[in-house]
Amino acid sequence: MMPRAMPLHPIRFYRDHRLTRAHSSEYIDDELGADDRNRIEEHTHICASCARFLASLRRTVRALGLLRPIGSAGTEVSDGILARLREEPDLGEDAGA
Amino acid sequence: MTHPRSTGVDDRALVARARAGDRLAFEELVRLHAGRLHAVVRRLVDDPHEADEVTQEAFLRAWRAIGTFKGDSQFFTWLYRIGVNEAHRRTARRTTAITSLEDQLVEPADSRPGPAAQFERSDLRAALEKAVRGLRPDYRAPLVLRDIEGLTTTEAASILGLGEAAFKSRLHRARLAVRAAVRDQLPGDHEA
């Protein structure tokens with residue numbers, strides 16, 4: 016891994032490098048605080064490896080959306096459940112409300 | 214994506230009626246949520262018939278226990294938790310040994326030769342399916358709920374009974390494993 020430039024102290028650079036690798040999912044999900052988010056953005060601006068890594072992870076997450084439609088078995092599934100449900104006894108008087 | 218939360222039907226009224234023993238109200242909840250729960254379960258168990266059984270069992274358990282549902286969480290969260298637990302229970306029954314996470318997080322990627330860029334969308338989808346199915350159950354579930362079903366971190370963590378930090382850690386590791394398995398087939402991806 017070769018950073019494009021290293022204006023920061025090396026310790027700070029590698030600390031941010033580890034932060035980026037460890038919290039990239041939270042970054043993608045927009046679940047990071049402003050400080051960590053800024054550090055990751057500054058780091059990926061100077062670290063080509065992390066920039067590629069972050070983009071790759073983002074593409075992976077986006078691609079997982081391809082799996083979202085898994086067929087429309089809804090009615091068929093419901094029918095099977097309802098058939099079994101109708102064999103169930105009524106709830107006891109202490110069942111609910 | 215049609216999500217249970219976006220059906221426009223107020224689960225709370227149906228749940229209240231079901232808790233009072235109204236079977237028709239519970240049947241309506243079945244119609245509203247069965248498809249999505251089945252989709253989740255289908256990704257957590259390998260056998261389609263078992264997915265049907267798990268989904269049915271989840272709803273039967275929910276019916277029997279509806280009196281204990283106090284409405285502290287949303288109905289679908291409670292229902293998904295029952296379904297995921299049932300799926301894990303069955304999966305665990307068949308799992309004789311779980312080796313270390315590092316070794317078993319994901320199965321090896323498909324090693325077919327050929328230029329990655331020529332993979333079609335369907336090939337990517339197949340690779341993703343394989344990678345997700347290769348994840349250990351405790352890493353697969355966070356990814357399925359968050360990235361495939363589109364639940365929020367809070368919702369998905371609640372369903373799995375995890376704290377958000379633990380959930381995020383598992384989700385991240387699952388994503389890394391999937392990325393490692395499919396990266397050669399991701400459009401525009403390069404060595405990183």
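Respectively, the protein sequence lines represent chains Z and F.
Those letters in the first sequence? Residues 16 to 112, per the numbering used here, in order.
Those letters in the second sequence? Residues 214 to 405, per the numbering used here, in order.
We treat Cβ as the ideally placed atom computed from N, Cα and C, and that holds for glycine.
Are the beta-carbon atoms belonging to residue i and residue j less than 9 Å from one another?
i: Leu341/F; j: Ala390/F; result: no
i: Thr90/Z; j: Cys62/Z; result: no
i: Thr290/F; j: Glu240/F; result: no
i: Val92/Z; j: Ala247/F; result: yes
i: Val297/F; j: Leu358/F; result: yes
i: Ser40/Z; j: Lys381/F; result: yes
i: Phe272/F; j: Arg232/F; result: no
i: Pro350/F; j: Ala393/F; result: no
i: Ala80/Z; j: Asp260/F; result: Here residue 80/Z is Gly; the residue named in the question, Ala, does not match the sequence. In this structure, Asp260/F does not lie closer than 9 Å to Gly80/Z by Cβ.
i: Ala226/F; j: Ala238/F; result: yes
i: Arg338/F; j: Leu82/Z; result: yes
i: His32/Z; j: His58/Z; result: yes
i: Thr268/F; j: Leu250/F; result: yes
i: Phe288/F; j: Asp336/F; result: no
i: Asp50/Z; j: Tyr42/Z; result: no
Quick check: the Cα distance between residue i and residue j, rounded to an integer number of angstroms?
i: Arg294/F; j: Gly363/F; result: 16 Å
i: Val254/F; j: Ala229/F; result: 26 Å
i: Leu356/F; j: Gln398/F; result: 19 Å
i: Glu320/F; j: Asp45/Z; result: Residue confidence is low: Glu320/F scores 45 on pLDDT, short of 50, so the model does not pin down where it sits. No coordinate-derived value is stated.
i: Asp235/F; j: Ala278/F; result: 14 Å
i: Tyr29/Z; j: Thr366/F; result: 28 Å
i: Arg27/Z; j: Ala66/Z; result: 17 Å
i: Arg334/F; j: Arg77/Z; result: 13 Å
i: Lys343/F; j: Arg388/F; result: 13 Å
i: His60/Z; j: Arg54/Z; result: 10 Å
i: Asp402/F; j: Asp94/Z; result: 43 Å
i: Leu257/F; j: Leu292/F; result: 15 Å
i: Phe68/Z; j: Arg99/Z; result: 49 Å
Should residue i be listed as close to the ligand GDP, given that the test is whether its C-beta is under 8 Å from any heavy atom?
i: Leu384/F; result: Among the ligands in the structure shown, none appear at all, so the ligand GDP cannot be discussed.
If you scan the stretch 226-301 of chain F from start to end, which runs of the beta strand (DSSP E) of 3 or more residues do you find wholly inside it? none
Any chance the stretch 70-77 of chain Z sits against the stretch 96-103 of chain Z, with 3 or more Cβ pairs inside 8 Å? no
Give, in chain order, every unbroken run of the alpha helix (DSSP H) that is at least 4 residues long and sits entirely within the stretch 343-387 of chain F. 350-356, 366-373
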